[in-house]
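Trainee: Using full-length UniProt numbering, read the sequence shown as starting at 1 and increasing by one per residue.
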Amino acid sequence: MDHFLYRNGILHAEDVAIPDIAAQVGTPFYVYSAATLTRHYHLFTEALSPLPHLVCFAIKSLSNVAVLKLLGDLGAGMDVVSGGEYRRARAAGVPGDRIVFSGVGKTREEMRLALTGGIRQFNVESEPELRALSEVAVSLGVTAPITIRVNPDVDARTHEKIATGKKENKFGIPIARASEVYAEAARLPGIEVIGIDVHIGSQLTELEPFEQAYLKVADLTRRLRAEGHDIRRLDLGGGLGIPYTRSNEAPPLPTDYGALIKRTVSDLGCEVEIEPGRLISGNAGLLVAGVIYVKNGEGRDFLILDAAMNDLVRPSMYGAHHDIVPVLEPPAASPTQPYDVVGPVCETGDTFAKAREIALLAEGDLVAFRSAGAYGAVMASEYNTRPLVPEVLVRGDQFAVIRERPSFDEILNRDTIPAWL
Ligand code: LLP
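(1) According to the neighbour-count rule (16 or more other Cβ atoms, all chains shown, within 10 Å of its Cβ), is Ala374 buried or exposed?
(2) If you reduce the DSSP assignment to three classes, tell me which class Thr336 lands in.
(3) Once DSSP output is grouped into helix, strand and coil, what is the label at Glu109?
(4) Taking the straight line between their C-alpha atoms, what separation do you get for Pro209 and Lys295?
(5) Rounded to whole angstroms, what is the Cα-Cα separation between Thr27 and Val345?
(6) Buried or exposed: where does Phe122 fall if 16 or more other Cβ atoms within 10 Å of its Cβ makes it buried?
(7) Could you have a look at His42 and say whether DSSP puts it in helix, strand or coil?
(8) What is the DSSP secondary structure of Ser33, reduced to helix, strand or coil?
(9) Answer yes or no: the CB of Met379 versus the heavy atoms of the ligand LLP, is any distance below 7 Å?
(10) Just to confirm, is the Cβ distance from Arg157 to Glu206 under 8 Å?
(11) For the alpha helix (DSSP H) that Val25 lies in, which residues bound it at each end?
(12) On a CA-only basis, which of Val181, Leu133 and Val136 is nearest Asn151? Give me that one, please.
(13) I'd like to confirm something about Lys69: is its beta-carbon nearer than 7 Å to some heavy atom of the ligand LLP, or not?
(14) Exposed or buried, Gln203, counting other C-beta atoms within 10 Å across all chains shown (16 or more means buried)?
(15) Check for me: the alpha helix (DSSP H) holding Glu129 runs from which residue to which?
(16) If you run the structure through DSSP and keep just helix, strand and coil, what is Ile261?
(17) Going straight from the alpha carbon of residue 422 to that of Val325, what length do you get?
(18) What is the rounded straight-line gap between the Cα of Val94 and the Cα of Ile191?
Now the structure itself:
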């Protein structure tokens, strides 16, 4: 469920009419609903209660500091994968002891930043990283709390570019070598082993792969405890999928996911962390665009929008589907027609949808891409020197621009011409 509904024939974000935002901000823009973000966060905390737990929002899915503050103020932790994301979490007022640091390529500089600024744990992904972290911690005279991310060799049955839990993927250490790596971690100075981490992929639409992975983690917990490690925290990653179409998809609900976690690991008495991104942010955001032209092509009509692949790359990159709806609700039983929905960028990959049935549209009309809150604005670029798309947050009847569209002067001033040229 989200808070983007038609009222009197006009698409609203909570109590704000989308055309009112468009009039002030211009198109394209992203708009997020505070009520939806809040609701989705609470679905997870309720699903995990009464287990001791922390829901760490995967910042990579939607990293605007205003959104992080909203979730942080509700008590959320944050999952960061770079020094930049760590800085965002801290700028949003999230304390270090609610931030977990994931990622296969943490640099020593990023380790120093987190160790001095405060960190709940590092999710370590390799032996070289473990040794580097030990050195950095010792040099600072501190101890780094860690879990080790294990690769359980489980097929997440999702898009190949976002599956992370198979042995051929770059993530984690092979679960079969866990004893050896945990033994090394226990010997290293400046390192405190506190738990195990796993994350098998994103946009999972079945619970079974999670179950396989979590059962393996439960077994490993028992084995590592028997080998003398004080395993007291399990980070079970993110990845629960969302419905991208209104009709036929019904991915498992957070309550089912919570029940699965309880069934597989609650007897171990560990504190549980999860790292959901998409389920919290995905259906909490729209990308709103305007129609520049309707062009009659050879056997097809192109709907040319002022949003492009640089603003929302998921369709070009993963062949992803986003529902596209008119902002003004078409009257019941009004005709539709198939459109190829495209942007102005100069490559054929700049196509959002082919032969998509949409109500008849004309120049100047507004459309909204649904389910665009996750991996939308964060993956935007300025390709074709198109200014980075702005972001708006709505709460009730209020809205605010939470990231401005840069001016062309700002964009051009970032480039410098060397004196010798
Ligand atoms: N934890 C880790 C370690 C991750 O790598 C990810 C996502 C998450 C949590 C959050 O997963 P989520 O709950 O959002 O599924 N750009 C792609 C998705 C990439 C996901 C990368 N890792 C897309 O647009 O579909």
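In this text, a Cβ means the ideal position worked out from N, Cα and C, and glycines have one as well. Computed from a prediction, not measured in an experiment: that's the story for all the values here.
Mentor: The relevant details are as follows:
(1) In the sequence shown, counting from the first residue as 1, residue 374 sits at position 374. Result: buried.
(2) Taking the sequence shown and counting its residues from 1, the one referred to as residue 336 is at position 336. Reduced to three states, the DSSP call for Thr336 is strand.
(3) For the purposes of this step, residue 109 is taken as residue 109 along the sequence shown, with counting starting at 1. Correct three-state label for Glu109: helix.
(4) On the sequence shown, position 209 is the one that residue 209 refers to. On the sequence shown, position 295 is the one that residue 295 refers to. Cα to Cα, Pro209 sits roughly 45 Å from Lys295.
(5) The sequence position of residue 27 within the sequence shown is 27, counting from 1. The sequence position of residue 345 within the sequence shown is 345, counting from 1. Straight-line Cα distance between these residues: approximately 16 Å.
(6) Reading the sequence shown from its first residue, position 122 is the one you call residue 122. Phe122 should be labelled buried.
(7) For the purposes of this step, residue 42 is identified with residue 42 of the sequence shown, where counting begins at 1. In the structure shown, His42 sits in a helix (DSSP, three-state: H, G or I).
(8) One-based indexing of the sequence shown puts residue 33 at position 33. In this structure, Ser33 counts as strand in the three-state DSSP scheme.
(9) Against the sequence shown, residue 379 aligns to sequence position 379. Yes, Cβ of Met379 sits closer than 7 Å to a heavy atom of the ligand LLP.
(10) If you number the sequence shown from 1, residue 157 lands on position 157. If you number the sequence shown from 1, residue 206 lands on position 206. In this structure, Glu206 lies closer than 8 Å to Arg157 by Cβ.
(11) As a first step, residue 25 must be located in the sequence shown, where it is residue number 25. That run of the alpha helix (DSSP H) goes Ile18 to Val25.
(12) Position 151 of the sequence shown, counting from 1, holds the residue named residue 151. When each option's Cα is compared against that of Asn151, the closest is Val181.
(13) As a position in the sequence shown, residue 69 is number 69, starting the count at 1. False, no ligand heavy atom lies under 7 Å from that Cβ.
(14) Residue numbering aside, residue 203 sits at position 203 when the sequence shown is read from its first letter. When all chains shown are included, Gln203 counts as buried.
(15) Here residue 129 is taken as the residue at index 129 of the sequence shown, counted from 1. Counting along the chain, the alpha helix (DSSP H) containing Glu129 begins and ends at Glu127 to Leu140.
(16) Sequence index remark: in the sequence shown, residue 261 carries index 261 (1-based). Correct three-state label for Ile261: helix.
(17) Given that the chain is displayed from residue 1 to residue 421, the structure contains no residue 422 and the question cannot be resolved.
(18) Within the sequence shown, the letter at position 94 stands for residue 94. Within the sequence shown, the letter at position 191 stands for residue 191. The alpha-carbon atoms of Val94 and Ile191 are separated by roughly 24 Å.
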